[in-house]
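Visitor: This is the structure I want to talk about, given as structure tokens.
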Amino acid sequence: MNKTININLGGIFFHIDEVAYQKLKRYLDAIRRSLSDDPQGRDEIINDIESRISELLSERVKDPRQVISESDIDEIIAVMGQPEDYMIDEELFTDDSGKNYSSKSSNKKLFRDGEDKFIGGVASGMAHYFDVDAIWIRIAWLVAIFGFGVGPIVYIILWILLPEAKTTAEKLQMEGEAVNISNIEKKIRAEFEDVSESVKGAASEVSDAVKGAYDNVSNAVKKKDLKTGGKRVKSGLQTLIQTIGNIISALFMVIGKFIGVVVIVVSIIALIALVISLFTAGTFDFMGVDGGINTNFDTFNVTGVPFWIISLLILILIGIPLLMLFVLGLFILSNRTKIVGRTTKLVLFAVWIIALFAAIYLGIRQGAEFINEGTSVEKSEIAITPLDTLIIKMIDNEDLSNNNNFNHKIYFKKVLDANNQIQYYSNDVNISIRKSDSTEAYTKIYRRANGRTRLIARENAERIDYEYQQIGSSLLLNSYFLTDSKNTFRNQDLRINVFLPENQIIYFDESSRVFLNRIKTTNNMYSRDMAKHYFRMTDDGLECLDCPPPKAKRNNEEKISMFKVMDSIKKTGNFESVNYKFAGNTIKLDLDKGDLGNWDKDSISKVFARQVFYVSDRTKRYEYILISLNNFKNKTSENDDNKRSFLYETNEL
């Protein structure tokens, strides 16, 4: 049994057993002793080594209560190396060999280089990462700025997101060097030598300046080795740009923090709402309780997979990205890089990929049920004579529709029939009127559905249960159809085509309004406006017999229409001439030499919808239109026995 000691290493708190603590202490003391001969930068080297050890230990600690063991310290020492393995020769730190004192590491990370920067250090950091000269990266940024216009935005985003390499370990990682004792010590000593070199150069320049040799000072400044110095002497322009850059950086930092808060709040709210809704619905489905979401889902789910499994997939597919969004918000606010461990990220990503492939598979199965279409056709005769008026009326079942309004379409829902059996109910019923190819009236009922194959699709269509009946001249059509509970949604619908012979009269009850669809009329009437009107079947489609008049048409259309009417009146009444004239709101109709005895205000009717006069012929079996002329002021004048003029005054024209 070992004692546990609490230590603070590199600013991070750890629990470590006594044996491991003694080994770590001996290791750090050995490093200090190895640096005792040359105390230059020793404290900074020790601090960087402790920070690196702290990072390595943090990667191994999965639980804050976990205790660091001796084996963990052995692994850390194996990574960092023994102090006696790195006896550094001063000759290695000369200008000729200073860049070759260690081998490159594959664990290179992207940082901003704060020492070799012009604005934010992004370009120089990328140069280290891709191992190219910084000048080429800067040229690429200039091309992006002036060529594509997206450079500034991308640069600012990288400026905000990329951390600056501040510690020695981060600088080594930026340059691709292994972060161990040897490289940390070499890096710090190299920086001290660079500083010493800079100080010596500056002292020499000051001495020359005191002697009054301005030109020599200027030349000395120009010849100063900026690269070995490690820090560039900023010109006035660079200082201005740096100041502006700092202001912009601070501004975007504030904006970034605000965005981080928004991201956290939105992700938390979305996660809570998602979990509550899916968990509730999934639990109801698992327990066999009918709820809103899971009941409707079962109606449209043709895969047979339970809703609680689907809800779990949805939770994973949407919840994990929301969780990562929440982590991103925390990262923006805290700038911590270890909010979620690498193992956790890999596990979440693997789970998300599995859920994604499962969702794709279920989606393919769902879509396969709608690839093919099948139709079942049922033809029935309509017992009606040419003298009858066919009435179309829709019949609803209030027990199934729950007093549903006719104007509201229900495409598919679960209901209980009279035998308390579950069935699917839909009022996706459409009615169309066509001209019969014979003298008989009949109906064709088209039941349609989808399926994996054409045969299955047709079987699904045949399982649609639809009823209707004829009472006298009224055709009573159910406003809905049913199908059994096993025949889940396959895009089922039902179309009724009523075929009428020429001159057959039909009336549409108000209940049929929302079911009328794609009906051809002579005046291009909107199908749902045909309810509560009488129509006659013609070669050109249904002709409205009692439609209200719309606004008057243009003069050229009036003349064409009236010309046809005048010609029809002339032939019907055997007149020698029929003339009309518009005078304000008055139409003057002159009939010359004809059968004047049959012409009066009650036998000439006018439909203002088309400025057309219809003459009722009493010799035929029907009077297809009769609009009262009581609203007109009728005046007649007789010049002789063979001529009469009619004046119709109306505000409709």
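In our numbering, the protein residues as written are 1424 to 2076. Positions of the beta carbon are idealized from the N, C-alpha and C atoms, including for glycine. On a predicted model such as this, the values are computed, not experimentally measured, just so you know.
Rounding to the nearest angstrom, what Cα-Cα distance links Ile1496 and Asp1539 in this structure?
Guide: In the sequence shown, counting from the first residue as 1, residue 1496 sits at position 73. In the sequence shown, counting from the first residue as 1, residue 1539 sits at position 116. Rounded to whole angstroms, Ile1496 to Asp1539 spans 36 Å at the Cα level.
Visitor: As a quick exercise: from Ile1942, Tyr1865, Ser1855, pick the residue whose alpha carbon is nearest that of Gln1892.
Guide: Here residue 1892 corresponds to residue number 469 of the sequence shown, with the count starting at 1. Considering only alpha carbons, the answer is Tyr1865.
Visitor: Can you tell me the Cα-Cα spacing of Leu1701 and Arg1941, whole angstroms?
Guide: Position 278 of the sequence shown, counted from the first residue, corresponds to residue 1701. Position 518 of the sequence shown, counted from the first residue, corresponds to residue 1941. Roughly 41 Å separates the two Cα atoms.
Visitor: Measure the beta-carbon distance from Ile1833 to Tyr1848 and round it to whole angstroms, keeping in mind my assumption that it falls under 8 Å.
Guide: Residue numbering aside, residue 1833 sits at position 410 when the sequence shown is read from its first letter. Residue numbering aside, residue 1848 sits at position 425 when the sequence shown is read from its first letter. Correct: roughly 7 Å between the Cβ atoms.
Visitor: What does a CB cutoff of less than 7 Å around Ile1807 pick up in its chain, not counting 5 residues either side in sequence?
Guide: Residue mapping note: residue 1807 aligns to position 384 of the sequence shown, counting from 1. If we look at Ile1807 and ignore the five residues flanking it on each side, its Cβ neighbours are Leu1813, Ala1864, Ser1896.
Visitor: When we look at the beta-carbon of Gly1874 and count the other beta-carbons within 10 Å, is it buried (16 or more) or exposed?
Guide: The count along the sequence shown starts at 1 and reaches residue 1874 at position 451. Buried, by the Cβ-count rule.
Visitor: Quick one: what does DSSP say Ala1636 is sitting in, helix, strand or coil?
Guide: Within the sequence shown, the letter at position 213 stands for residue 1636. Since pLDDT at Ala1636 reaches only 44, below the 50 mark, its modelled position is unreliable, and no value is offered.
Visitor: Kindly provide the ranges of any alpha helix (DSSP H) runs that are 4 or more residues long and lie completely inside the segment 1723 to 1795, ordered along the chain.
Guide: If we require 4 residues or more, the alpha helix (DSSP H) runs fully inside the segment 1723 to 1795 come out as 1730 to 1757, 1765 to 1791.
Visitor: Please classify Asn1429: is it buried, with 16 or more other beta-carbons within 10 angstroms of its beta-carbon, or exposed?
Guide: Here residue 1429 corresponds to residue number 6 of the sequence shown, with the count starting at 1. By the 10 Å Cβ count, Asn1429 comes out exposed.
Visitor: Just checking, does the segment 1925 to 1934 make contact with the segment 1955 to 1970 on the three C-beta pairs under 8 Å criterion?
Guide: At 8 Å Cβ cutoff, the stretches touch.
Visitor: Return the Cβ separation of Gly1668 and Ile1755 in integer angstroms, given the expectation that the two are a contact with Cβ distance under 8 Å.
Guide: For the purposes of this step, residue 1668 is identified with residue 245 of the sequence shown, where counting begins at 1. For the purposes of this step, residue 1755 is identified with residue 332 of the sequence shown, where counting begins at 1. Incorrect: roughly 20 Å between the Cβ atoms, too far for contact.
Visitor: Could you pull out every unbroken alpha helix (DSSP H) segment of at least 4 residues lying fully inside the segment 1853 to 1935, listed in chain order?
Guide: Runs of the alpha helix (DSSP H) inside the segment 1853 to 1935: 1877 to 1885.
Visitor: Going by Cα to Cα distance, which pick from Asp1452, Phe1437, Gly1504, Glu1467 is closest to Lys1485?
Guide: Within the sequence shown, residue 1485 is the residue found at index 62, counting from 1. The shortest C-alpha separation from Lys1485 is found at Phe1437.
Visitor: Is the separation between the beta-carbon of Met1817 and that of Phe1904 shorter than 7 Å?
Guide: The residue given as residue 1817 occupies position 394 in the sequence shown. The residue given as residue 1904 occupies position 481 in the sequence shown. Going by C-beta atoms, Met1817 is not nearer than 7 Å to Phe1904.
Visitor: Taking only three categories from DSSP, how would you classify Asn1470?
Guide: Taking the first residue of the sequence shown as 1, we reach residue 1470 at position 47. Residue state, collapsed to three classes: helix.
Visitor: Taking the DSSP output, what are the residues bridged to Val1838?
Guide: Start at 1 with the first residue of the sequence shown, and residue 1838 comes out as number 415. Beta-bridge pairing links Val1838 to Gln1846.
Visitor: Between which two residues does the beta strand (DSSP E) harbouring Met1960 extend?
Guide: In the sequence shown, counting from the first residue as 1, residue 1960 sits at position 537. Residues 1957 to 1961.
Visitor: Pull the bridge partners of Glu1482 from the DSSP assignment, please.
Guide: The residue you call residue 1482 lines up with position 59 of the sequence shown. DSSP, once it has assigned bridges, lists no residue as partnering Glu1482.
Visitor: With DSSP as the reference, label Met1817 as helix, strand or coil.
Guide: Numbered from 1 along the sequence shown, position 394 holds the residue referred to as residue 1817. Correct three-state label for Met1817: strand.
Visitor: Do you know how far the Cα of Gln1489 is from the Cα of Glu1482?
Guide: One-based indexing of the sequence shown puts residue 1482 at position 59. One-based indexing of the sequence shown puts residue 1489 at position 66. So the alpha carbons of these two residues sit roughly 12 Å apart.
Visitor: Kindly indicate which three-state DSSP category Asp1440 falls into: helix, strand or coil?
Guide: Translated into positions along the sequence shown, residue 1440 becomes position 17. Correct three-state label for Asp1440: strand.
Visitor: Given a cut-off of 7 Å on the beta-carbon distance, is the pair Lys1867 and Asn1920 in contact?
Guide: To locate residue 1867, count along the sequence shown from 1; it is residue 444. To locate residue 1920, count along the sequence shown from 1; it is residue 497. It is a contact, given that the beta carbons lie within the stated cut-off.
Visitor: For Asn1429, name the three-state secondary structure that DSSP assigns.
Guide: Stepping through the sequence shown from its first residue, residue 1429 is reached at position 6. Reduced to three states, the DSSP call for Asn1429 is strand.
Visitor: Output needed for Ser1950: all residues of its chain with C-beta closer than 7 Å, excluding positions within five of it in sequence on either side, in chain order.
Guide: Residue 1950 sits at position 527 when you count from the first residue of the sequence shown. These residues qualify, in order along the chain: Leu1939, Asn1940, Arg1941, Ile1942.
Visitor: Measuring only the C-alpha atoms, how far is Leu1663 from Val1555?
Guide: Indexing the sequence shown from 1 puts residue 1663 at position 240. Indexing the sequence shown from 1 puts residue 1555 at position 132. Approximately 27 Å, taken between the alpha carbons.
Visitor: Can you tell me whether Thr1666 is helix, strand or coil according to DSSP?
Guide: As a working mapping, residue 1666 is identified with position 243 in the sequence shown. Three-state DSSP puts Thr1666 in a helix.
Visitor: Looking at C-alpha atoms only, which residue of Pro1744, Ile1783, Ala1773 is the closest neighbour of Ile1733?
Guide: What you label residue 1733 is simply residue 310 of the sequence shown in a count that begins at 1. With distances taken between Cα atoms, Ile1733 lies closest to Ile1783.
Visitor: If you draw a straight line from the C-alpha of Leu1899 to the C-alpha of Phe1922, how long is it?
Guide: Your numbering for residue 1899 matches position 476 in the sequence shown. Your numbering for residue 1922 matches position 499 in the sequence shown. Approximately 16 Å between the Cα atoms of the pair.
Visitor: On the criterion of 16 or more Cβ atoms from any shown chain inside 10 Å, does Trp1582 qualify as buried, or is it exposed?
Guide: Counting from one through the sequence shown, the residue named residue 1582 turns up at place 159. The residue in question, Trp1582, is buried, as its Cβ has 16 or more Cβ neighbours within 10 Å.
Visitor: In or out: Phe1723 buried (at least 16 other Cβ within 10 Å) or exposed?
Guide: The sequence position of residue 1723 within the sequence shown is 300, counting from 1. Burial call: exposed.
Visitor: How big is the Cα-Cα spacing for Val1774 and Ile1739?
Guide: Taking the sequence shown and counting its residues from 1, one reaches residue 1774 at position 351. Taking the sequence shown and counting its residues from 1, one reaches residue 1739 at position 316. Spanning the two alpha carbons is a distance of roughly 8 Å.
Visitor: Span of the alpha helix (DSSP H) holding Leu1810?
Guide: Along the sequence shown, read from residue 1 onward, the residue named residue 1810 stands at position 387. Segment: none, Leu1810 is in no alpha helix (DSSP H) and carries neither H nor E.
Visitor: Do Gln1789 and Val1725 have their CB atoms nearer than 7 Å?
Guide: Here residue 1789 is taken as the residue at index 366 of the sequence shown, counted from 1. Here residue 1725 is taken as the residue at index 302 of the sequence shown, counted from 1. Result yes, Cβ atoms of Gln1789 and Val1725 sit closer than 7 Å.
Visitor: Just reading off the alpha helix (DSSP H) that Leu1565 is part of, what are its end residues?
Guide: Here residue 1565 refers to the residue found at position 142 when the sequence shown is read from its first residue. First-last of the alpha helix (DSSP H) with Leu1565: 1557 to 1566.
Visitor: Can you give me the Cβ contacts of Leu1447 inside the same chain, cut-off strictly under 6 Å, excluding the 5 residues immediately before and after it?
Guide: To locate residue 1447, count along the sequence shown from 1; it is residue 24. Excluding positions up to five away in sequence, the list reads Ile1496.
Visitor: What does Ser1799 pair with, by DSSP beta-bridge criteria?
Guide: Reading the sequence shown from its first residue, position 376 is the one you call residue 1799. Per DSSP, Arg1870.
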